[in-house]
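Engineer:
Protein chains: 2
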Amino acid sequence: MMEKERTRRQFLSVAGKGMAASLVGVSVSCGQSQPSAGKKQSRFEIRNPKFGIRKKRRFELGLASYTLRNFKLAEALTMTRKVGLKYIALKSFHLPLDSTPAQIRAVAAKVKEAGLELYGGGVIYMNSEAEVNRAFDYAKAAGMKVIIGVPKPELLKLVEKKVKEYDIKVAIHNHGPGDKTYPTPASAYEKIKNLDKRIGLCNDIGHTQRAGVDPSVSVERFADRLLDIHMKDVTEASAKGHGVEAGRGVIDIPRFLRTLIKIKYAGIVSFEYEKDADNPLAGLAESVGYVRGVLAAIS
Amino acid sequence: MMEKERTRRQFLSVAGKGMAASLVGVSVSCGQSQPSAGKKQSRFEIRNPKFGIRKKRRFELGLASYTLRNFKLAEALTMTRKVGLKYIALKSFHLPLDSTPAQIRAVAAKVKEAGLELYGGGVIYMNSEAEVNRAFDYAKAAGMKVIIGVPKPELLKLVEKKVKEYDIKVAIHNHGPGDKTYPTPASAYEKIKNLDKRIGLCNDIGHTQRAGVDPSVSVERFADRLLDIHMKDVTEASAKGHGVEAGRGVIDIPRFLRTLIKIKYAGIVSFEYEKDADNPLAGLAESVGYVRGVLAAIS
Chain A
32 MMEKERTRRQ
42 FLSVAGKGMA
52 ASLVGVSVSC
62 GQSQPSAGKK
72 QSRFEIRNPK
82 FGIRKKRRFE
92 LGLASYTLRN
102 FKLAEALTMT
112 RKVGLKYIAL
122 KSFHLPLDST
132 PAQIRAVAAK
142 VKEAGLELYG
152 GGVIYMNSEA
162 EVNRAFDYAK
172 AAGMKVIIGV
182 PKPELLKLVE
192 KKVKEYDIKV
202 AIHNHGPGDK
212 TYPTPASAYE
222 KIKNLDKRIG
232 LCNDIGHTQR
242 AGVDPSVSVE
252 RFADRLLDIH
262 MKDVTEASAK
272 GHGVEAGRGV
282 IDIPRFLRTL
292 IKIKYAGIVS
302 FEYEKDADNP
312 LAGLAESVGY
322 VRGVLAAIS
Chain B
32 MMEKERTRRQ
42 FLSVAGKGMA
52 ASLVGVSVSC
62 GQSQPSAGKK
72 QSRFEIRNPK
82 FGIRKKRRFE
92 LGLASYTLRN
102 FKLAEALTMT
112 RKVGLKYIAL
122 KSFHLPLDST
132 PAQIRAVAAK
142 VKEAGLELYG
152 GGVIYMNSEA
162 EVNRAFDYAK
172 AAGMKVIIGV
182 PKPELLKLVE
192 KKVKEYDIKV
202 AIHNHGPGDK
212 TYPTPASAYE
222 KIKNLDKRIG
232 LCNDIGHTQR
242 AGVDPSVSVE
252 RFADRLLDIH
262 MKDVTEASAK
272 GHGVEAGRGV
282 IDIPRFLRTL
292 IKIKYAGIVS
302 FEYEKDADNP
312 LAGLAESVGY
322 VRGVLAAIS
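In order, the protein sequence lines correspond to chains A and B.
So the first sequence is numbered by the working numbering: it starts at 32 and just counts up by one.
So the second sequence is numbered by the working numbering: it starts at 32 and just counts up by one.
1. Please report how far the alpha carbon of I155(A) lies from the alpha carbon of K122(A), in whole angstroms.
2. Looking only at DSSP bridge pairs, what is A120(B) linked to?
3. Give me, in chain order, the residues of the same chain whose beta-carbon lies closer than 7 Å to that of A219(A); leave out the 5 immediate sequence neighbours on both sides.
4. Please confirm whether G324(A) has its beta-carbon closer than 8 Å to some beta-carbon of chain B.
5. DSSP three-state label for M110(B), please.
6. Should P127(A) go down as buried or exposed, given a rule of 16 or more other Cβ atoms within 10 Å for buried?
7. Identify whether H238(B) lies in helix, strand or coil by the three-state DSSP scheme.
8. Among I236(B), G243(B) and I119(B), which residue has its Cα nearest to the Cα of V250(B)?
9. Given that A308(A) touches chain B, what residues does it touch there, using C-beta distances under 8 Å?
10. Only counting the same chain, and skipping five residues up and downstream in sequence, which positions put a Cβ closer than 6 Å to that of L307(B)?
11. If we define contact as Cβ-Cβ less than 8 Å, is R279(B) a contact residue for chain A?
12. Quick check on S318(A): buried or exposed, where buried means 16 or more other Cβ atoms within 10 Å of its Cβ?
13. Say whether chain B places a C-beta atom closer than 8 Å to the C-beta of G237(A).
14. Can you find at least 3 beta carbon pairs, one from the stretch 241-258 of chain B and one from the stretch 293-308 of chain B, that sit closer than 8 Å?
15. For P132(A), count the other beta carbons within 10 Å of its own beta carbon; 16 or more makes it buried, fewer makes it exposed. Which is it?
16. Would you list, in sequence order, the uninterrupted beta strand (DSSP E) runs of no fewer than 3 residues that lie entirely inside the stretch 214-276 of chain A?
17. Given a threshold of 16 other Cβ atoms within 10 Å of its Cβ, counted over all protein chains shown, does D259(B) qualify as buried or as exposed?
18. By the criterion of Cβ-Cβ separation under 8 Å, what are the contact partners of V114(A) in chain B?
19. Mind pulling the chain B residues with CB within less than 8 Å of G231(A)?
20. Let me see if you follow: with CB-CB separation under 8 Å, is I155(A) close to chain B or not?
21. Less than 8 Å between the C-beta atoms of L288(A) and I230(A), yes or no?
22. Counting only Cβ pairs nearer than 9 Å, list the residues of chain A close to A328(B).
23. Should G320(B) be flagged as near chain A, meaning a C-beta pair shorter than 8 Å?
24. At what residues does the beta strand (DSSP E) containing F90(A) begin and finish?
25. Hey, L149(B) and A173(B) are a contact pair by Cβ (cut 8 Å); roughly how many whole angstroms apart?
26. Straight-line CA distance for A242(A) to A107(B)?
27. Out of R136(A), T266(A), I223(A) and S301(A), state which residue places its alpha-carbon closest to the alpha-carbon of V190(A).
28. By Cβ distance below 8 Å, which residues in the same chain neighbour F102(B) in space, the five residues on each side in sequence not counted?
29. Starting from the Cα of A120(A), find the closest Cα among G209(A), V275(A), V142(A) and S247(A) and give me that residue.
30. Please report the straight-line C-alpha distance between V163(A) and K195(A), rounded to a whole angstrom.
31. With I282(B) and G93(B) assumed to form a contact (beta carbons below 8 Å), what rounded beta-carbon distance in angstroms separates them?
32. By Cβ distance below 7 Å, which residues in the same chain neighbour V275(B) in space, the five residues on each side in sequence not counted?
33. Tell me the rounded alpha-carbon separation between A217(B) and A145(B).
34. My output table needs one value for G209(B): the three-state DSSP class, helix, strand or coil.
35. Sort D168(A), G272(A), K200(A) and K192(A) by Cα distance to G180(A) and report the nearest one.
What follows is the structure in structure tokens.
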């Protein structure tokens, strides 16, 4: 949050008031990439820190609460605040899918009281019509803007109908080499490219890399449908790769973040740190620090 | 360590065997900045990642064990390994100054068994001849290469005599606005500039910034005597500033690290995270991650 305030201060110090007014708020919106306002950047403008405002990231950092799956909601919220993240997507451990609307609203209120923003839920598997219907009612009751989901392909038409009805986005999550339906962002994109634009991708860059696909190439290729990101690092670019602290694995995270800035991604980059399930705070903190450090150096 | 291995791999992939042989080992030495081998870098070489080997940092990351002052040695070593740091300077909490040579050697052996390198000790205050003598015997028994110390100015002649006799460096630690002897690196430099070159500075960048001095300017100005660094961030550039996770405070850490690369600093950058004394691991991990992220983006 301090980070954001500083960005805004720098912003106001270099931008005229009119320009500021036209851009404020852009950076916190969740969803698709937005086209650049104004003319194309010159090479000079991209490099010169005095023109940093033109290249500033439009995305925010958040948490996929699967990271804290072995902790109760209250502890998870405390840890999220501890590492300075504001946005959170809850996994069912913290908000069961079969909760009543009143229970869901109570959890949403706790997130808000903690000073966090409940922007999404997931990963939510949808294997039947009933599960699709339940997911949308769940997301609506919680005030979520996006469902990070895995709907069976034959249910995508129903998903599209619900997206139009509820105006809630669905970001399809790729799960790597072992996943027969959506191993890569490309495999998901193929199935949703002709559907409503509010159906897009949650690019899990660990699973993308495990499938042998470069996450930087992948997010740029499908930038028009990029709705959410699971940020992590993995030990190798194969099915055997497993989660590790950001910066200790094989993903080129500086290049990935430069690509997100380049494509003007304006959603959330959510950390999903899968290692150390019973004691994840240090590894999560190191990962968040790493990404902030890269951003500080390239922004 | 993984980081280092990768650097070495990249290195070997771009450098010929002869060139590799002539440079291996440079990056791990502790001590003064080393002049560049070969001709001056062109702007192109500095920017182009294929020539990264020429601009790669020569310093390593480490820990000032004051960070873990409320933990026993064994726990401190475990936490140091957890955040992936290899070099450590022990504070008296972990190795009392009045230890016998046998006790000192036993602690040094434990550090080695943990896979860490005990490169220094401190901060060690030296207020009498006896304390100077003790500090050098202590450092010698521990195999330390550098004493991070605060000798009374009138003892500096004795310190110089001991440096020559023991060939152990002394890095004088600045302690900010409240310190009447060495508030800034400049005030220490003034007192040691005509002494043996093995007497230099440990620039504590938090205290430097708290004294209203830009750490980047400070390390560049006194590069010839820069022997150690206490890496941290602080909430404000005044006496009221206090320690905070790297990246959350007011120090421009990307610029600082770029400066260390520019001046070819070849010692250790040791984290001294003073916040959360009873539960420092998450904040230390975030700080280490932040610095690694910056380095990944600029190296």
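Quick reminder that beta carbons are idealized off the backbone N, C-alpha and C, glycines included.
Just so it is clear, the structure is predicted and the values come from calculations on it, not from any experiment.
Structural biologist: Looking at the coordinates:
1. If you take the alpha carbons of I155(A) and K122(A), they lie about 8 Å apart.
2. Beta-bridge pairing links A120(B) to A95(B) and G151(B).
3. Counting only Cβ-Cβ distances below 7 Å, and skipping sequence neighbours, we find I203, N205, Y213 and L232.
4. True, the Cβ-Cβ gap to chain B drops below 8 Å.
5. Here M110(B) sits in helix by DSSP.
6. Classification for P127(A): exposed.
7. If DSSP states are grouped into helix, strand and coil, H238(B) belongs with the helices.
8. The candidate whose alpha carbon is nearest that of V250(B) is I236(B).
9. Residues of chain B with a Cβ closer than 8 Å to the Cβ of A308(A) do not exist, since the nearest Cβ in that chain sits about 16 Å away.
10. Leu is not the amino acid found at residue 307(B); the sequence shown has Asp there. Taken in chain order, the residues that qualify are G314.
11. Yes, contact with chain A.
12. S318(A) comes out buried.
13. False, the Cβ-Cβ gap to chain B never drops below 8 Å.
14. Touching, yes, given that three or more Cβ pairs across the two stretches are closer than 8 Å.
15. Label assigned to P132(A): exposed.
16. Runs found: 230-235 and 257-262.
17. Under this definition D259(B) is a buried residue.
18. The contact set of V114(A) on chain B, defined by CB atoms closer than 8 Å, consists of A313 and E317 in chain order.
19. Chain B residues near G231(A): none, gap ~27 Å exceeds 8 Å.
20. Interface with chain B (8 Å Cβ-Cβ cutoff): I155(A) is excluded.
21. With respect to the 8 Å criterion, L288(A) and I230(A) are not classified as neighbours on the basis of their beta carbons.
22. Ordered by position in chain A, the residues that pass the 9 Å Cβ test against A328(B) are I284, P285, L288, R289, G324, V325, L326, A327, A328 and I329.
23. The beta carbon of G320(B) sits closer than 8 Å to some beta carbon of chain A.
24. Judged by DSSP secondary structure, F90(A) falls outside any beta strand (DSSP E); it is assigned neither H nor E.
25. Between A173(B) and L149(B) the Cβ distance is about 6 Å, and since that is below 8 Å, they are a contact.
26. Annotation: A242(A) to A107(B) spans about 38 Å, alpha carbon to alpha carbon.
27. I223(A) is the residue among R136(A), T266(A), I223(A) and S301(A) whose C-alpha sits nearest the C-alpha of V190(A).
28. Closer than 8 Å at the Cβ level, and outside the excluded window around F102(B), lie M110.
29. Nearest C-alpha to A120(A): V142(A).
30. Whole-angstrom Cα-Cα distance: 13 Å.
31. Wrong, their Cβ atoms sit about 18 Å apart, outside the cutoff.
32. For V275(B), where only same-chain residues beyond five positions count, the Cβ hits under 7 Å are D264, V265, T266 and K306.
33. Rounded to whole angstroms, A217(B) to A145(B) spans 37 Å at the Cα level.
34. Assignment of G209(B) by DSSP, reduced to helix, strand and coil, places it in the coil class.
35. The shortest C-alpha to C-alpha distance from G180(A) to any of D168(A), G272(A), K200(A) and K192(A) is the one to K200(A).
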